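Chains as they are written, first to last, in the working numbering: chain R, 108 to 211; chain L, 338 to 611.
First the structure, in the form of structure tokens, and then the observations on it.
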Amino acid sequence: MSGLTEFGRFSEPALLILVSLAEGPKHGYAMQDDIAALAGDRPGPGTLYGAIRRLEEQGFIQALPERERRKPYQLTDSGRAALQAELARMRAVSTAGLRRLALS
Amino acid sequence: MSRAARLVLALYPRPVRDRYGPEIADLLAHSRRPGRDLADVARSALAEHRQALTYTRLRPHLNAAAGLVVAPMAFAGAYLAVYTLCASAFAAVAAIAGVSDTYQTSWRIASAAAALPIAAGAIWLAGHARLPFTSALAPTGLAVGALPLVLLLNGTGSWPMIAALGCWWAATGALSTVAVGLVRRGRRRRAVLTLALGGVLACVLAFAVYGSSALGSASVALGVYPVTALGMDPRIIGDPAGNVADKMTIMPALLTICTAYALGLVTTARRARR
């Protein structure tokens, strides 16, 4: 997997941010709402921006010019590729896990 | 912004706070669970500090510190090269003109003149540097780098020159701190002026310390730096042997160049966000 495993305890928020941005550019507040709807838990501002900082540093997302006094972020091509690879890996693990559970 | 929000944002390392602080503050201002979110921001801010201690994050700091330590040696090398060129040019001109009594004068003028292009180059070089820490720390790195040169290139005992270097470090460090503060408040010209004038005074003070301990004369001590920096005859400050400049070797030029470099670095400080 290209990069997300290096995020340690931020790996889940990082993944959720990438999934949220896969739909289109969003600012922090919109990401919080979207992640709350996706995962059932609203990330705190510190957790969210800790992950945003690392994703930006890795080049997976990039900031866009401010709109209505808020800065939106969007996925980069490498972020899209990393997300695709991670979701494919998760699907493989999930498929295998569910199959084994059904067999046991 | 609430006092509590300001307080937890202050826990972040400055680069992170400068970059993401307003966005985090915006989320805190619209938080539905302010207590939980404040705790989350405080925990994340402390985590940022912990992660800042990893080698990858420390590497730019280590590289910049190593650059500061190596800089005096590079300046000394460049100075000696330019000095050799200047001295050879003076000697050649004197030989062509058929003047035989110009050796000492040529030496003095060459040693003063050679420092100027290197000091100008140091300012230019510093203008392109981006230190990952405050420029106010630059004199510390430069003093550490200059110390081996002080011990190696010394016409008298080591202690007077070490005392001079310590004095230069304390004075330039204090000046840089003040100048960085001025730049951050948007007073760049005043900062440059403070460090330029203060830098000269710091050098005068440093060599006065050296002069009074090595030469034992207060009148010589105060004139030591101006005389050597301007390539004047040391006899005008009451140095009968006229060899005060010989004893200090390249140190006046080196500290002049280091002061210029510290000045250049201060100009790269960023203005604080309001």
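From the three backbone atoms N, C-alpha and C, an ideal C-beta is built for every residue, glycine too.
Model, not experiment: these values are computed from the prediction.
- Within the segment 140 to 159 of chain R, the residues whose Cβ lies closer than 9 Å to some Cβ of chain L are 149, 150, 151, 152, 153, 154, 155, 156, 157, 159, listed in chain order.
- Secondary structure note for residue 433 of chain L: its alpha helix (DSSP H) is the uninterrupted segment 392 to 434.
- Residue 177 of chain R sits in a strand when the DSSP states are folded into three classes.
- Comparing alpha carbon positions, the residue from L/451, L/347, L/346 closest to residue 426 of chain L is L/451.
- Annotation for residue 139 of chain R: 149, 150, 155 place their beta carbon closer than 7 Å to its own, counting only its chain and skipping 5 residues before and after.
- Taking 8 Å as the cut-off, the Cβ atoms of residue 573 of chain L and residue 416 of chain L do not count as close.
- Assignment of residue 559 of chain L by DSSP, reduced to helix, strand and coil, places it in the helix class.
- Distance check between residue 146 of chain R and each of R/200, R/186, R/199, R/123 places R/123 closest, using alpha-carbon atoms only.
- DSSP links residue 170 of chain R through a beta bridge to R/180.
- Residues of chain R whose Cβ lies closer than 7 Å to the Cβ of residue 353 of chain L are, in chain order, 160.
- Only 356, 357, 360, 361, 363, 364, 365, 367, 368 from the segment 354 to 368 of chain L bring a Cβ to less than 8 Å from some Cβ of chain R.
- When DSSP reads this structure, residue 133 of chain R sits in a beta bridge with R/180.
- Remark: C-beta atoms of residue 561 of chain L and residue 548 of chain L approach each other more closely than 8 Å.
- For residue 171 of chain R, same chain residues with a beta-carbon under 8 Å away, outside a window of 5 residues either side, are 132, 178, 179, 180, 181 in chain order.
- Judged by their CB atoms, residue 602 of chain L and residue 505 of chain L are not nearer to each other than the 8 Å cut-off.
- Legend: CB atoms of the segment 373 to 405 of chain L lying less than 8 Å from CB atoms of chain R belong to residues 373, 374, 376, 377, 378, 379, 380, 381, 382, 384, 385.
- A Cβ-Cβ contact shorter than 8 Å links residue 502 of chain L with residue 484 of chain L.
- The segment 530 to 539 of chain L makes contact with the segment 505 to 517 of chain L; the number of CB pairs closer than 8 Å reaches 3 or more.
- Residue 566 of chain L is classed as buried because its beta carbon has at least 16 other beta carbons within 10 Å across all chains shown.
- Put simply, of L/535, L/522, L/495 the residue whose alpha carbon is nearest the alpha carbon of residue 509 of chain L is L/535.
- For residue 373 of chain L, the uninterrupted alpha helix (DSSP H) run begins and ends at 371 to 388, by DSSP.
- Scanning its chain for C-beta atoms nearer than 7 Å, with the 5 sequence neighbours on each side dropped, one finds around residue 594 of chain L the residues 412, 416, 452, 455, 456, 459, in chain order.
- Restricting attention to L/597, L/449, L/596, L/469, the CA atom closest to the CA of residue 570 of chain L is found in L/449.
- Against chain L, the beta carbon of residue 206 of chain R has no neighbour under 9 Å; the closest one sits roughly 37 Å away.
- When the alpha-carbon of residue 188 of chain R is set against those of R/201, R/202, R/174, R/165, the nearest one is in R/165.
- Contacts between residue 178 of chain R and chain L, judged by CB atoms closer than 8 Å, involve 360 in chain order.
- Apart from sequence neighbours up to five positions away, no residue of its chain approaches residue 399 of chain L with a beta-carbon distance below 6 Å.
- Scanning chain L for C-beta atoms nearer than 8 Å to the C-beta of residue 186 of chain R yields nothing, as the closest lies near 18 Å away.
- In the three-state DSSP reduction, residue 587 of chain L falls in the coil class, being neither helix nor strand.
- The C-beta of residue 135 of chain R comes closer than 8 Å to at least one C-beta of chain L.
- A distance of 8 Å or more separates the beta carbons of residue 424 of chain L and residue 401 of chain L.
- Ranking L/538, L/478, L/384 by CA distance to the CA of residue 350 of chain L puts L/384 first.
- At the C-beta level, residue 129 of chain R and residue 190 of chain R come within 8 Å of one another.
- Residue environment for residue 173 of chain R: exposed (fewer than 16 other C-beta atoms within 10 angstroms of its C-beta).
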